[in-house]
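Undergrad: I have a structure I would like to understand better, so I am pasting it below and will then ask my questions one at a time.
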Amino acid sequence: MNAPILKLFGLVLVLFAALAGMTSYNSVINAEEYRDNPKNKRPQIEQARVKRGVIRARDGSLLARSVKDPDDGLYRRRYSPRAKRFAHVLGYDYALTIGRAGLEKERNGALTGDGGELTSIVDDLSGKRKVGDSVITNLDSRAQRVALDALGGRRGSVVAIEPATGGVRVMASTPGYDPNGLSEPGVFPRLNRATTSPLFNRATQAGYVPGSTMKVITAAAALDSGRFTPDSAVSGKSPIIVSGVPLRNFSDEQFGSIPLTTALTHSVNTVWAQVAQKLGRGRMADYMERFGFGTDPPLDYPDAQMFASGVYDLERNALIPAASRRVDIGRVGIGQERLRVTPLQMATVAATVANGGVRMKPRITNRIVDEDGRTVQRIRAARAARVMSPRSAEQLTQMMSDVVREGTGTAAALQGIEVAGKTGTAEINIARGIDQPWFIGFAPRSNPKIAVAVTLENIVGGQGGTVAAPIAKQVMERLLR
Amino acid sequence: MPHDERRRAVVNARNRELFALIPASLLVTAGFAAVFIQRENLLSDLSLTYGAIFLALCLAAHLVLRMTLPDADPYLFPLVAVLACFGLVMLYRLDEDLARDQAKWFVVGLMFFTATIVALRRDHRVLERYRYVIALGGILLLLLPRLTRPVNGAYLSFEAGAISFQPAEIAKIAIVIFLASYLRDTRHVLVVGARRFAGITFPPLKHLGPLLAVWGTAMALLFVIQDLGSSLMFFGGFLALVYVATNRISFVIIGLGLFALGARVLYAIRPTIEHRVDAWLHPFADRLYNAKVGGSYQVAQSLFSQADGGFFGQGFGQAIIQLGDNAPILPAAHTDFIYAVIADELGLLGAVAVLLVYLLIVERGFKTAMLATDSFSKLLATGLTAVLALQVFVIVGGVTKLIPLTGVTLPFISYGGSSIVANFILLALLLLVSDRARREVRP
């Protein structure tokens, strides 16, 4: 009977080899695929074992921290009361339930201490417990509150940027939500379905019609191309025919042949439409691109939560090149047509003029520090593009100062500080009188420290100069104090 | 002088056993130390205490063997000790209370181990006299769980007071004893009376009856207890014994065909089996993954666990088993899925090492069978070894998605009193056969 026993042992060998083979397949050969399976929550749990770094405002005040749950030993995110002001820009970290968003998602690597293979191997060997690095932002929590209070429960957004560095000081979006409790059962789906879209970061995700604030870009193209000067005279009669359709000034106001400076101060539509037509699609498209249109802004924020400004095919929700023959460039020049822009984009436009024509990359993060407070990484100011010459920028600044001194933007004027800006009032529903008021601008005029964009949705009977400019004034005042 | 020679051989065999126990003790001490360090960040002398207690238990069993079965295989017990202490460390890492329970069961298991050896040390072949009683007892044991509620659609255990008892573990031994004895009687007539028909050799009809009865019993059990895993184990053991007894592969093929037929019928009429197969084929399908009962969540999590382990594993105590008290990530980590935990924490390396230890035990078991001189002992050792090997194959195969998952324990490692007791009795029987065989072959 020994021969069959030997054969039986042979069979057992084969069976066990199959077991070892299958284990190899699961543990090594196909492990990558299993690890990436969306049903596999282990990577997220793994990260929740690390004490996630804190997030602070620039003044050091705490916005987000991690607390260990003694029940399972995993860290969970807690947001400080003032973090509610920053709900959209901070985002949230509930990786085990609803996921991550905002800065929490963008800086997840640093926050979980996943700073590269080398350091983690050293930490492993030295037995050091892994702790995430902390993120210090450029955000100003007092100015943020001023912005939210000024929006006063209306839907809208305020963005404030330091022109020279691109540091984002204010990024407000209303309505907001409380990041604590977002992972409670039912809360996220309810907010996600709400008609007011409270989870939506209007500063980076909302595509609004820019109205007359777009004239700043048209003016930059006009001056920088050398085809126009601030004193170039253009007829301001109304209406004129643009792309076969009559275009009127606000209140159908009539102007004679007026210099561009005057045309900006009084926001004369017919003048700027003619300027844009004379510059042509190619040149307009070129300057829009220089200002950052057509691509997601280079902000340290998740791409999925950013919207590229530009001319849109509204049915297909797709960008159309501004140089396309399908685009009515005259109306693009005055911020109509199918233009859709984000508040962040328009704040960048103001900041670029303020910074002598150089567009800086906007940055929420100021620096990343380790648990002992040492700076691991400083996010340096980075130039995105030279948009126009310093001379053009200076000319445009002068024109925009006139807007606030004696034009449509006087409500943004500050005591003792010269402000440059431009108002906008996009007509959303003419029959019902619904408008989208705007203000973009910067201050102080001679040495700009802050640039802002303010806009509100669905305002009845209000204009950029009366609704948005006062908000910009309060935010700039707070930041310049 | 034969007497002196025997004494020298005894010393050799048992001394080898004693030395082989050292790695097991070191392993248990080091394992507990690792868990302590991981948990408390300090090395407590409690780990040494655990190691010492375990070493004392092993020494006690060793002394029993030294006195009663001096010639028995010196490697079987240390190999089992390695598995047992390894299992204890894994359980300790999962849940201290379970480990303490398991340690108590080890004491009980070693008592049964000793009792079996003492009762049968003169001649284990007395078992043959009670073969029908043993067979009947085994079948009755299997039917016991039918008296209680099913767990996950199968009648696997019954509860007597606080003790949950899985009779299939004991029954597998009873059935092997019966088959070994029955086949010793009939193996010759089965071969001699065989007829060839359509290229396949069939056993004579009049002797086929009892074998068909065994098949029928296995099928009936399958239907009654609805446990494919145990049935597979029983039937596999049965086929292994028929093959070794007759050396006719055709008998095995016929048997496999019959089993497949039975399983196919059951598959069609019982949802349990169908769910298991579905979960095996599509572990990540939403419908099965999210199913409240009988879904693929367990298998999927088992695969994720193994993937997490990689080649070297995450280290003791690092696997993600559960979140909080009531949120298991990997269910049944201490019983059915303990192999997945091993692969997670010790990696492919550790998991294959465990498989190798089992393979060494199987090798010693078959070696014992080959050394045995009488047919009953040969068949008994073969059957016990085959059943053990099959049990490992069924559960590890299920956990690794090689075959559909059916819940049986991983011998000597999984948590479970009946499993420990049964497997120690199985070990005792193997050592009894081995002692006699090695004594007889020595000149």
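Residue numbers (my numbering), protein chains in the order written: chain U, 1 to 481; chain S, 1001 to 1443. Cβ coordinates follow ideal geometry from the N, Cα and C atoms, glycine included.
Determine whether the Cβ of U:Met1 lies closer than 9 angstroms to any Cβ atom of chain S.
TA: yes
Undergrad: Which residues in the same chain as U:Gln47 place their Cβ atom closer than 6 angstroms to its Cβ, once the five residues preceding and following it in sequence are excluded?
TA: Thr112
Undergrad: Can you say whether S:Phe1312 is buried or exposed, counting buried as having 16 or more other CB atoms within 10 angstroms of its CB?
TA: exposed
Undergrad: Beta-carbon of S:Glu1096 versus every beta-carbon of chain U: anything under 9 angstroms?
TA: no
Undergrad: Kindly indicate which residue of S:Tyr1182, S:Leu1212, S:Arg1270 has the alpha-carbon position closest to the one of S:Phe1223.
TA: S:Arg1270
Undergrad: Who are the neighbours of S:Asn1423 on chain U, taking C-beta pairs under 7 angstroms?
TA: Ordered by position in chain U, no residue passes the 7 angstroms Cβ test against S:Asn1423, which lies about 17 angstroms from the chain.
Undergrad: Quick one: what's got a C-beta closer than 7 angstroms to U:Lys41's C-beta in the same chain, skipping five residues either side?
TA: Closer than 7 angstroms at Cβ, skipping near neighbours: Leu96.
Undergrad: So with CB distances below 9 angstroms, who are the chain C contacts of U:Lys422?
TA: Protein chains U and S are contained in the structure displayed, whereas chain C is not.
Undergrad: Does any CB atom of chain S fall closer than 9 angstroms to the CB of U:Asn138?
TA: Output row for U:Asn138: interface = no.
Undergrad: When DSSP labels each residue in this structure, what does S:Tyr1415 get in the three-state scheme?
TA: coil
Undergrad: Where does the unbroken beta strand (DSSP E) through U:Ala426 begin, and where does it stop?
TA: 420-429
Undergrad: How many angstroms separate the CA atom of S:Met1001 from the CA atom of S:Arg1439?
TA: With a pLDDT of 41 at S:Met1001, under the threshold of 50, the modelled position of this residue cannot be trusted; read the value that follows with caution. S:Arg1439 has its alpha-carbon roughly 15 angstroms from the corresponding atom of S:Met1001.
Undergrad: In terms of residue numbering, what span does the beta strand (DSSP E) encompassing U:Ile435 cover?
TA: It is worth fixing the name first, because residue 435 of chain U is Asp in this sequence and not Ile. Segment 434-443, the beta strand (DSSP E) holding U:Asp435.
Undergrad: Measure the C-alpha to C-alpha separation of U:Met400 and U:Ile320 and round it to an integer number of angstroms.
TA: Roughly 29 angstroms separates the two Cα atoms.
Undergrad: Run through the region 232-298 of chain U for me and flag every whole alpha helix (DSSP H) of 4 or more residues, listed as ranges in chain order.
TA: 260-265, 269-291
Undergrad: Are the region 156-174 of chain U and the region 266-285 of chain U in contact at 8 angstroms, needing three or more beta carbon pairs?
TA: no
Undergrad: By how many angstroms is the C-alpha of U:Val209 removed from the C-alpha of U:Ile329?
TA: Counting only the Cα atoms, U:Val209 lies some 15 angstroms from U:Ile329.
Undergrad: Quick check: the Cα distance between U:Leu199 and S:Ala1332, rounded to an integer number of angstroms?
TA: 39 angstroms
Undergrad: For S:Val1080, is the classification buried or exposed, using 16 other Cβ atoms within 10 angstroms of its Cβ as the cut-off for buried?
TA: buried
Undergrad: Could you tell me the boundaries of the alpha helix (DSSP H) in which S:Val1176 lies?
TA: 1167-1192
Undergrad: Of all Cβ atoms in chain U, is any one closer than 9 angstroms to the Cβ of S:Gln1391?
TA: no
Undergrad: Just to confirm, are U:Phe442 and U:Ile430 a CB contact at a threshold of 9 angstroms?
TA: no
Undergrad: Threshold first: 4 residues or longer. Then list the alpha helix (DSSP H) segments lying entirely within the region 1062-1144 of chain S, N to C.
TA: 1076-1094, 1096-1120, 1131-1143
Undergrad: Is the CB-CB distance between U:Ala20 and S:Leu1355 below 9 angstroms?
TA: yes
Undergrad: At the level of alpha carbons, what is the spacing between S:Gly1459 and U:Asn317?
TA: A query on residue 1459 of chain S cannot be resolved here, the shown segment of chain S reaching from 1001 to 1443 and no further.
Undergrad: Measure the beta-carbon distance from U:Met476 to U:Leu396 and round it to whole angstroms, keeping in mind my assumption that it falls under 8 angstroms.
TA: U:Met476 to U:Leu396, Cβ: 18 angstroms. No contact.
Undergrad: For the region 234-252 of chain U against the region 376-385 of chain U, are there 3 or more C-beta pairs whose distance is under 8 angstroms?
TA: no
Undergrad: Would you list, in sequence order, the uninterrupted alpha helix (DSSP H) runs of no fewer than 4 residues that lie entirely inside the region 1297-1372 of chain S?
TA: 1297-1309, 1338-1371
Undergrad: Please return the same chain residues whose Cβ sits closer than 6 angstroms to the Cβ of S:Trp1280, not counting the five positions on each side in sequence.
TA: Pro1404
Undergrad: Would you mind working out which of U:Ile417, U:Gly333, U:Thr423, U:Gly373 sits nearest U:Ala347, comparing C-alpha positions?
TA: U:Thr423
Undergrad: Is it true that the region 1372-1390 of chain S meets the region 1429-1438 of chain S, where meeting means three or more beta-carbon pairs spaced less than 8 angstroms apart?
TA: yes
Undergrad: Three Cβ pairs or more, each shorter than 8 angstroms: is that satisfied between the region 288-295 of chain U and the region 336-353 of chain U?
TA: yes
Undergrad: For S:Pro1074, is the classification buried or exposed, using 16 other Cβ atoms within 10 angstroms of its Cβ as the cut-off for buried?
TA: By the neighbour-count rule (16 or more Cβ atoms within 10 Å), S:Pro1074 is buried.
Undergrad: Which of the three DSSP states is assigned to U:Ile364 in this structure?
TA: coil
Undergrad: If contacts are defined as beta-carbon pairs under 8 angstroms, then S:Leu1183 and S:Val1242 qualify, I think. What distance do you get, rounded to the angstrom?
TA: 7 angstroms
Undergrad: Quick check on DSSP: helix, strand or coil for U:Tyr25?
TA: helix
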